[in-house]
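See below for the structure under consideration.
There are 2 protein chains.
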Amino acid sequence: MVLDQERLYPEKWLVRASTGERIACEVRIQIIAGVIESGTVLSENKLANDFDVSRSPVREALKLLASENLVRLERMGAVVHALTEKHITEMYDVRILIETFVFERLVSQNVNPLIKELSKIVQMMKVAIDYSDADEFAHQDLLFHETIIQGIDHAYISMIWKNLRPIMESLILLSMRQRFRANVEDFSRVIENHQLYIDAINQKDRQLMNQSLHHNFDDVQQTIDQLWRTQQTLNKGEVTND
Amino acid sequence: MVLDQERLYPEKWLVRASTGERIACEVRIQIIAGVIESGTVLSENKLANDFDVSRSPVREALKLLASENLVRLERMGAVVHALTEKHITEMYDVRILIETFVFERLVSQNVNPLIKELSKIVQMMKVAIDYSDADEFAHQDLLFHETIIQGIDHAYISMIWKNLRPIMESLILLSMRQRFRANVEDFSRVIENHQLYIDAINQKDRQLMNQSLHHNFDDVQQTIDQLWRTQQTLNKGEVTND
DNA sequence: GTATACTAACTTGTATACAAGTATACTTGA
DNA sequence: TCAAGTATACTTGTATACAAGTTAGTATAC
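As they're listed, the protein sequences go chains A and B.
One point on numbering: in the UniProt record's numbering, the residue at position 129 of the first sequence is 129, and numbering is uninterrupted.
One point on numbering: in the UniProt record's numbering, the residue at position 50 of the second sequence is 50, and numbering is uninterrupted.
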């Protein structure tokens, strides 16, 4: 069931997006938030109706979501595959894998411009905290890791990130929104950890990098767990199956 | 320019494919083979005409190719980005990355069923050599690595493979065809190397794994280089730009 | 009551139509 | 000859139409 009266994805992130991308973003975040339950069968016509568009952009959206493993395109509709904790762990496997790879490459190049860019982003994150802007914080957080990855010029590492990015985005977005409501105080820890990243890259210190990578992972993993529980509690009251 | 009178992609691999996938496969291999030159602008209408279909499946195909970084979708057409040697090196970076990851996981599980499956595939490869079936050999080669990767149950490692697979397929296919024409004798080395893979997994020997991984890489890299030179020489005589 | 066959309402895949925007080439003016 | 403006022929994005196939439900025959 698509709750189109209550959009979860920030409108302002969609300024340059096509109709298909908009739909993909909204359906994606609703799947990840658990609003659309696992096992739900989405049909092109139904989605087209819900979003008041034709099947063409819906089709595009479903293809996108399928490439992200969020739905499986079958003969009669797209079956929703919600993220499990196993999936999230696996996503972070990949993130650690590629960020470690990127770090190894960064070690043998001039990282000064990158460090400067990353510092800027951390400052932005601080401002986002000050103004309690969860969405902006999530955006900067994502941008931070993206900037590191783009720090080396590597087409296929970029490709992996490009595929991971949308899900990460929704995940971080939802998690940050909840965190801003629940426990704002531990954002200092997030900032600290990002600073640790920067230090690791700047000092080209493998151990420090590993440490901050896993730190970050544990941190997010914990939040995700919380998100999961909250979401599931919420949904029990909210979701009325067709 | 699309030479549709001379299809490079094996028809029999397309039995279950949609029109869009067919077009993607054919255009992909023509880009990788250098038949469609880098910088060429492909328009949906033109491709639809060439393949005698409507724009819908062509659109689907172009989206696919864009996700593989083979074309870049711009306002006025899809610009072809041929593979450079750098790209191919980077692809093998990723392959080594994920296959190493997979190996580490395999170490802590029962690999007997996998070993059996891999042995079967190597036998198939031998038969393919005996009957000089380059396409079948390429297919089995690809299947070999795919089987290893599917040996661990990991959604996002699978995702990476799914994204890499089409390009690898074309690359290996072209390279094997040429190799069958030029130097059939060194296929025994390829077989040997695959046997080495199996041994490494079976004995859970990290060093052996690393060795065979890089062996395989060097081997293919070398072939690719040859392919490149041949293809470029060929194209100089063949390609007549509109 | 049960099983089988048929109908009707869905599904996707592909083709076509239409709208909005862009680049190029030609025409017209000086 | 050169410049500027307009017209035309492209491009993509979205909507709609049509065809082929699947599923489910109902009605009918036994």
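Cβ coordinates follow ideal geometry from the N, Cα and C atoms, glycine included.
Selection from B:Y9, B:E185, B:A128 and B:V102 that minimises the alpha carbon distance to D93 (chain A): The candidate whose alpha carbon is nearest that of D93 (chain A) is B:V102.
Identity of the residues DSSP links to A78 (chain A) by a beta bridge: Residue pairing from DSSP places A78 (chain A) in a beta bridge opposite A:L42 and A:L73.
L70 (chain A) Cβ short of 7 Å to the ligand HEM heavy atom set: As for the ligand HEM, it is missing from this structure, which has no ligand bound.
D135 (chain B) vs P10 (chain B) beta-carbon contact at 8 Å: With respect to P10 (chain B), D135 (chain B) sits close: the two C-beta atoms are nearer than 8 Å.
Cβ-based neighbour list, C25 (chain A), same chain, cut-off 6 Å, excluding 5 preceding and 5 following: Cβ within range, chain order: Y9.
Near-chain A residues of the region 93 to 127 of chain B - C-beta to any C-beta below 8 Å: Listed by position along the chain: D93, V94, L97, I98 and F101.
DSSP state of T19 (chain A) mapped onto helix, strand, coil: The answer is helix: DSSP assigns T19 (chain A) an H, G or I state.
The region 31 to 39 of chain B touching the region 74 to 90 of chain B, judged by at least three CB pairs closer than 8 Å: In this structure the region 31 to 39 of chain B touches the region 74 to 90 of chain B; the number of beta carbon pairs closer than 8 Å is three or more.
Contact check, V184 (chain A) vs D219 (chain A), beta carbons under 8 Å: Annotated as distal: V184 (chain A) and D219 (chain A), with beta-carbon spacing of 8 Å or more.
Through-space distance from I160 (chain B) to Q207 (chain B), alpha-carbon basis: Cα to Cα, the separation comes out at about 24 Å.
Member of A:F180, A:A182 and A:I148 whose CA lies at the smallest distance from the CA of E104 (chain A): For the options A:F180, A:A182 and A:I148, the alpha carbon positioned closest to that of E104 (chain A) is the one of A:I148.
Closest Cα partner of I88 (chain A) within the set A:G151, A:P57 and A:I32: Ranking A:G151, A:P57 and A:I32 by CA distance to the CA of I88 (chain A) puts A:I32 first.
CA nearest to the CA of R7 (chain A), picked from A:L42, A:M168, A:I201 and A:F51: Ranking A:L42, A:M168, A:I201 and A:F51 by Cα distance to R7 (chain A) puts A:F51 first.
CA-to-CA distance, I98 (chain A) to A200 (chain A), given in whole angstroms: So the two alpha carbons sit approximately 16 Å from each other.
Within-8 Å CB hit, M209 (chain A) to chain B: No, because no Cβ of chain B sits closer than 8 Å to the Cβ of M209 (chain A).
Chain-ordered neighbours of H154 (chain A) on chain B, where CB pairs are closer than 8 Å: Residues of chain B passing the Cβ test: E90 and D93.
Neighbour list for residue 249 (chain B) in chain A, Cβ cutoff strictly below 7 Å: The requested residue 249 (chain B) is not part of the displayed model; chain B covers only 1 to 242.
Length of the line joining the Cα atoms of F137 (chain A) and M176 (chain A): Straight-line Cα distance between these residues: approximately 8 Å.
Best match in B:E90, B:N69 and B:R16 for proximity to V27 (chain B) [C-alpha to C-alpha]: Cα-wise, what sits closest to V27 (chain B) is B:N69.
Listed by chain order, chain A residues near N163 (chain B) by CB distance under 7 Å: Within chain A, the C-beta atoms nearer than 7 Å to that of N163 (chain B) come from M159 and N163, in chain order.
Delimiting residues of the alpha helix (DSSP H) encompassing N112 (chain A): Taken as a continuous stretch (DSSP letters only), the alpha helix (DSSP H) holding N112 (chain A) covers N112 to D130.
Cutoff 8 Å: H87 (chain A) Cβ touching any chain B Cβ: Yes, its Cβ sits closer than 8 Å to a Cβ of chain B.
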